[in-house]
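Peer 1: Take the sequence shown: its letter number 300 is residue 282 in the working numbering, and every next letter is one higher. We put the CB at the ideal spot given by N, CA and C, even for glycine. First the structure, then my questions, so here it is.
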Amino acid sequence: MSPQAAPIRFDGQVALVTGAGHGLGRAYAENLAARGAALLVNNRRRPGDGGGSAEELAEEIRSRGGRALANGERVDSPGAGTRMVEQALEAFGRLDILICNAGLSSVRAFHRLTPVELRELVEVNLWGSLAPLHAALSPMREAGYGRILLTSSTAALFGDAGFSAYAAAKAAWIGLVPSLAAESAARGVAVNAIVPFALTRMTRRLFDQGHLPAESAEKMDPRRVADLATWLVSRGCPVNGQLLIAGGGALGRARMQASRGVALPAGASGPEAVAAEYVRLADMRGARAFESGGEFLNALVRRVLDA
């Protein structure tokens, strides 16, 4: 029997969670607060929403003896990312954890999106995370510690009709996470992305419309995803530069791979030569991952030299 792991705590740490009013973001924030973190919780305030869902969550955390403040800005508003980070630093004096969870989904074919809708999807899902990430990185690097968690999607990994713009924005983290992790590791800052799935307001229609088994809905509690997110932003977590998958207690890792491919000899040129080799070059048996783009390019060049 393995020894009992020490409880994961966040006493003395400060976390900023975007999109924390409902669903996954709320579960993340509640988990961190219950384990000692001070929170700045963000969720956009809608007309007629009173104080807003972020303020309601902050009040709940405070009523349980925790420390929390709310931010009701849209993450895609100009300057919002910087203002959120500054609010956390001014209120609590530090920022240890950033979880970018805010997102927007629209199930429409790409050609049917208006330019305004397309821009909104990209700005919320991409810039809405890039901006607070950019603002938080410098104080974390100066402090010599930070934990950053971004949110990707199965649509970004595998594609889904009707989600082209959403997938494009969420796929940004596939390249950014390992790149930024390599830049920041020496300064004590870890960067990962989570590919979550849970029953939320955004995903309920998948069960209601029969796209997923209705009986599985109750098993997709956001708190099952929050356990992975909480560990990934903890001080003792050694993971950096990875994409982790979570849903209903099912956990996994995703990564990019390249096939062994083929190297055409100098005498084989023209699109006909490419077409003749497509089956071989696309064969994923023996595919491998690479630690960096540079490692891949070195392997490619060696393959060319050996042809």
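Threshold first: 3 residues or longer. Then list the beta strand (DSSP E) segments lying entirely within the region 207 to 275, N to C.
Peer 2: 225 to 229 and 232 to 236
Peer 1: Just confirm the distance between the C-beta atoms of A20 and A(-12), as a whole number of angstroms; I'd bet it's less than 8 Å.
Peer 2: Going by Cβ atoms, the distance from A20 to A(-12) rounds to 21 Å, so no, they are not a contact pair.
Peer 1: Using DSSP with H/G/I as helix, E/B as strand and the rest coil, what is D288?
Peer 2: helix
Peer 1: Do you know how far the Cα of E55 is from the Cα of P160?
Peer 2: 29 Å
Peer 1: Taking the alpha-carbon of S134 as reference, which of R46, N25, A149 and E99 has the nearest alpha-carbon?
Peer 2: A149
Peer 1: Tell me the residue span of the alpha helix (DSSP H) that contains T133.
Peer 2: Not the alpha helix (DSSP H): T133 falls in the beta strand (DSSP E), residues G128 to T133.
Peer 1: Is it right to say T0 is buried, meaning 16 or more other beta carbons lie within 10 angstroms of its own, or is it exposed?
Peer 2: Note on T0: 16 or more other CB atoms within 10 angstroms of its CB, so buried under the neighbour-count rule.
Peer 1: Does the count of Cβ pairs from the region 165 to 173 and the region 237 to 251 closer than 8 Å reach three?
Peer 2: no
Peer 1: What would DSSP say about A52, mapped onto helix, strand or coil?
Peer 2: Look at A52 here: in three-state DSSP terms it is strand.
Peer 1: From R270 to G243, what distance separates their C-alpha atoms?
Peer 2: 11 Å
Peer 1: Can you check DSSP and say which residues form a bridge with L39?
Peer 2: DSSP, once it has assigned bridges, lists no residue as partnering L39.
Peer 1: For R285, collect the residues of the same chain with a Cβ closer than 8 Å to its Cβ; drop the 5 residues on either side in sequence, then sort them by chain order.
Peer 2: G243 and A245
Peer 1: Can you find the residues in the same chain that come closer than 6 Å, C-beta to C-beta, to W155, ignoring five residues on each side of it along the sequence?
Peer 2: Taking W155 as the centre and dropping the five residues before and after it, the same chain places the C-beta of L132, S134 and A175 closer than 6 Å to its C-beta, in chain order.
Peer 1: Please report the straight-line C-alpha distance between V23 and P220, rounded to a whole angstrom.
Peer 2: Near 26 Å, if we compare the C-alpha coordinates of P220 and V23.
Peer 1: For a minimum of 3 consecutive residues, which ranges assigned as the beta strand (DSSP E) are wholly contained in the region 110 to 183?
Peer 2: 128 to 133 and 171 to 178
Peer 1: Relative to the C-alpha of P247, which candidate in A236, E277, E41 and L287 has its C-alpha closest?
Peer 2: Residue L287 is the option with its Cα nearest to P247.
Peer 1: Any heavy atom of the ligand ZN inside 8 Å of the beta-carbon of E273?
Peer 2: Annotation note on the ligand ZN: not contained in the displayed structure, which lists no ligands.
Peer 1: Applying the 10 Å Cβ sphere with the 16-neighbour rule, what's the burial state of E105?
Peer 2: That one is buried.
Peer 1: In the DSSP assignment, the alpha helix (DSSP H) including L103 goes from what residue to what residue?
Peer 2: P97 to V104
Peer 1: Under the DSSP definition of a beta bridge, which residues are partnered with D0?
Peer 2: A small fix is needed here, since residue 0 is Thr in this sequence, not Asp. T0 pairs with C82.
Peer 1: Would you please state the rounded distance, in angstroms, between the beta carbons of F179 and G229? I believe it to be under 8 Å.
Peer 2: 3 Å
Peer 1: Counting only the same chain and skipping the five closest in sequence on each side, list residues whose C-beta sits under 7 Å from that of I43.
Peer 2: A15, L21 and A50
Peer 1: When burial is assigned at 16 or more other CB atoms within 10 Å of the CB, is Y260 buried or exposed?
Peer 2: exposed
Peer 1: Do A211 and L39 count as a contact pair if the criterion is CB distance below 9 Å?
Peer 2: no
Peer 1: Thinking C-alpha only, which one of A240, G218, E200 and A73 is nearest R267?
Peer 2: A240
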